[in-house]
């Protein structure tokens with residue numbers, strides 16, 4: 001019970017709840033104010049404009065959110081005007097639905113925010129499809145839509161100005177918590193509670209979450225000039241913590257060993273449980289940094305001290321005296337000590353003065369770590385073919401929506417047949433697995449929400465209590481819509497039903513609930529059937545691209561690590577960019593594999609080989625991180641035999657790239673000018689290079705089968 005309360009309290013401090021509060025205020029307030037003066041119809045129209053613009057107000061730097069919202073205001077005003085103008089003519093409306101669904105769905109080629117702008121335009125179209133039973137004139141209706149969008153834009157701007165650093169603090173804190181969870185999962189390698197193979201799978205899943213959070217934070221920090229150029233503690237503290245936290249994440253990945261062998265070797269000792277406990281303590285210490293950022297506190301309580309590391313060292317020493325070989329345990333302990341020291345250094349940043357928080361990278365260098373989306377017309381034009389997943393999706397959406405519109409007109413299930421198209425619009429995604437997931441959540445959520453809504457409308461007579469329930473349901477809907485969709489849908493249905501009861505008290509509850517559920521089921525059925533049979537977006541069709549990109553990223557990362565020992569070393573920024581590409585492409589590959597295994601068996605290709613590839617790639621990334629740490633800490637010199645291993649590794653990775661994607665050139669522009677050492681061989685470095693070489697050879701063999 002205490003844990004649930006803590007989780008609930010933590011959620012109240014997240015960006016998701018903050019966004020939920022903002023959207024609830026933006027959508028509800030206009031209707032509430034105009035209801036009080038007897039102009040509810042105007043209030044609802046303004047609220048509709050605010051709701052549509054809120055869709056483009058997704059997490060990111062203010063400049064992107066601002067542009068997204070302004071473009072949304074433009075598109076929803078035009079769309080609402082055109083739809084209201086022709087919605088009495090079913091033929092013109094059919095042409096509009098098909099055309100707009102295709103055009104706005106093609107916005108996907110310009111990234112997630114542009115896709116959100118397109119979704120907002122389609123939403124306002126769907127909500128204006130039915131002929132207006134309104135006293136508002138056409139231009140008035142569009143102006144109120146614009147007014148609602150403008151009102152929400154000003155509200156969002158006010159939230160950003162009042163607490164300019166809050167969003168960055170929340171996203172950075174959540175990112176650090178995700179890294180702490182990753183570290184907790186690594187602790188499970190030292191217990192028998194889960195198999196090594198299953199834990200690797202969970203680690204890969206968690207790495208997807210970490211990399212998503214890292215991207216969100218990069219966008220928030222490195223695309224916000226105010227933060228990069230900030231001369232106060234708040235901005236510099238977050239940039240400094242993030243830069244060091246990415247290094248810490250690399251350090252956590254550097255602890256990769258043959259855990260099955262370790263378990264067998266020390267199963268009769270109690271040493272592994274002490275490693276487990278220490279890593280969990282360390283994860284708690286890392287998580288505490290995120291906690292302090294989110295709650296805006298300075299680190300005070302220490303969950304772990306240097307004494308904990310010394311105690312574990314003494315236990316390892318005792319084990320060594322008993323005749324056990326503990327070399328691997330010592331290496332793990334050294335890495336844990338390094339992670340602890342990094343965590344301690346990050347915690348100490350909270351008390352430092354502004355001048356002490358400067359990073360070695362300039363704002364221009366840091367801005368290289370974020371992707372810059374192109375909005376060139378050529379990108380749109382180049383995707384107008386069946387080889388483009390965006391084109392296939394846009395055509396699929398247009399066809400399904402027009403079919404949903406026709407069914408709604410031919411078989412009138414009530415006054416809200418546009419709910420069929422709305423369901424299709426929300427459920428249908430470019431990939432089959434995402435459509436399938438959304439389909440399940442939408443149907444189950446609507447049924448549960450419909451039952452709850454019917455109970456509320458049947459047994460709650462107090463208008464005040466209904467309004468309170470409406471307010472809570474709206475807050476839950478908008479707070480969970482990005483983090484747990486099924487919860488959002490469960491809350492959404494009662495709030496829509498209560499809203500209709502306020503607008504028209506004569507509405508029959510049973511009929512309204514039945515209509516909502518029937519329309520949702522019809523829309524869901526159409527979406528899932530067409531996702532399977534009409535221009536489907538199977539992951540297997542584009543999987544080779546993911547494989548080629550991660551192989552090339554690993555090759556580039558490996559070369560930049562070696563370049564640290566070159567006569568012409570790469571810059572630190574170039575090295576970190578290479579590392580970032582590995583993290584991003586690893587997450588993309590793992591996420592694509594997750595989506596593929598949720599697709600029908602008949603559409604899955606080389607599942608076992610790809611699964612092995614994903615696991616080996618994760619291990620390779622860990623070995624490369626460990627190699628990087630070795631070069632940074634010990635500065636070993638490379639001899640001729642080690643150079644041969646390096647060249648063989650490059651060859652294997654280059655060959656693998658050409659096998660999985662012949663459009664990619666396996667070679668890179670990195671020239672390795674290495675000064676060879678004549679000194680005695682560094683056995684640890686040789687062992688690490690041999691492990692990397694073997695993994696590269698294994699990946700090359702698997703690539704041949706793919």
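Numbering (UniProt numbering), first residue to last: 1 to 706.
By construction, the Cβ of each residue, glycine as well, lies at the ideal position given by its N, Cα and C atoms.
Remember, it's a predicted structure, so these values are computed and weren't measured experimentally.
Using the rule of at least 16 other Cβ atoms within 10 Å of the residue's Cβ for burial, across every protein chain shown, is residue 57 buried or exposed?
Burial check for residue 57: the Cβ neighbour count within 10 Å reaches 16 or more, so the residue is buried.
Are there 16 or more other CB atoms within 10 angstroms of the CB of residue 152, so buried, or fewer, so exposed?
buried
Please name the residue, chosen from 99, 585 and 688, that lies closest to residue 630 on a Cα-to-Cα basis.
688
Taking 8 angstroms as the cut-off, does the region 238–252 touch the region 587–607 (at least 3 CB pairs, one atom from each stretch)?
no
Tell me which residues share the same chain as residue 25 and place their Cβ nearer than 8 angstroms to its Cβ, disregarding the 5 neighbours each side in the sequence.
155
Please report the Cβ distance between residue 75 and residue 121, rounded to the nearest whole angstrom; I am assuming they are in contact, meaning their Cβ atoms lie under 8 angstroms.
4 angstroms
Short of 7 angstroms in beta carbon distance, which residues of its chain neighbour residue 281, apart from the five on each side in sequence? Order them along the chain.
303, 304 and 308
If you draw a straight line from the alpha carbon of residue 94 to that of residue 433, how long is it in whole angstroms?
Whole-angstrom Cα-Cα distance: 29 angstroms.
Please report the straight-line C-alpha distance between residue 182 and residue 204, rounded to a whole angstrom.
9 angstroms
Taking only runs of the alpha helix (DSSP H) that begin and end inside the region 242–281, which ones reach a length of at least 4 residues, in chain order?
259–266
May I ask you to report which of helix, strand or coil DSSP gives residue 300?
coil
Distance, Cα to Cα, residue 573 vs residue 253?
If you draw a straight line from the Cα of residue 573 to the Cα of residue 253, it is about 20 angstroms long.
How many Å lie between residue 575 and residue 556 at the Cα?
9 angstroms
For residue 538 and residue 599, what's the separation of their Cα atoms in angstroms?
8 angstroms
If you run the structure through DSSP and keep just helix, strand and coil, what is residue 611?
helix
Where does residue 145 fall in DSSP's three states?
helix
According to the Cβ coordinates, are residue 528 and residue 612 closer than 8 angstroms?
no
In the structure shown, what three-state DSSP assignment does residue 59 receive?
coil
Given 7 angstroms as the limit, tell me if residue 78 has its C-beta closer than that to any heavy atom belonging to the ligand FAD.
Looking for the ligand FAD in the displayed structure turns up nothing, as the structure carries no ligands at all.
From residue 86 to residue 78, what distance separates their C-alpha atoms?
13 angstroms
With a threshold of 16 other CB atoms inside 10 Å of the CB of residue 174, please say whether the residue is buried or exposed.
buried
Let's test the definition: count the other Cβ atoms within 10 Å of the Cβ of residue 707 and tell me whether it reaches 16, buried, or not, exposed.
Since the displayed the chain opens at 1 and closes at 706, residue 707 lies outside it and no answer follows.
Quick one: any contact between the region 447–455 and the region 485–505, if contact means 3 or more CB pairs under 8 angstroms?
yes
With DSSP run on the structure shown, which of helix, strand or coil describes residue 573?
Residue 573 falls in the helix class under three-state DSSP.
Taking C-alpha atoms, which residue in 682, 422, 313 and 578 lies nearest to residue 560?
578
For the alpha helix (DSSP H) containing residue 212, list its first residue and its last residue.
196–222
Between residue 271 and residue 326, what straight-line distance do the alpha-carbon atoms span, to the nearest angstrom?
10 angstroms
My understanding is that residue 167 touches residue 220, with C-beta atoms under 8 angstroms, so please give their C-beta distance in whole angstroms.
6 angstroms
So for residue 19, helix, strand or coil by DSSP?
helix
Are there three or more Cβ pairs, one per stretch, closer than 8 angstroms when the region 581–593 is compared with the region 640–647?
no
Does the region 259–271 come into contact with the region 189–196, if we say contact requires no fewer than three beta-carbon pairs (one atom in each stretch) closer than 8 angstroms?
yes
List the endpoints of the continuous alpha helix (DSSP H) containing residue 560.
543–563
What is the DSSP secondary structure of residue 484, reduced to helix, strand or coil?
coil
Counting beta carbon pairs with one atom in the region 533–547 and one in the region 381–396, are three or more of them shorter than 8 angstroms?
yes
Leaving aside the five residues before and after residue 698 along the sequence, list all residues of the same chain whose C-beta is less than 7 angstroms from its C-beta, in chain order.
616
One question on the structure: do residue 585 and residue 625 come within less than 8 angstroms of each other, judged by their Cβ atoms?
In this structure, residue 625 does not lie closer than 8 angstroms to residue 585 by Cβ.
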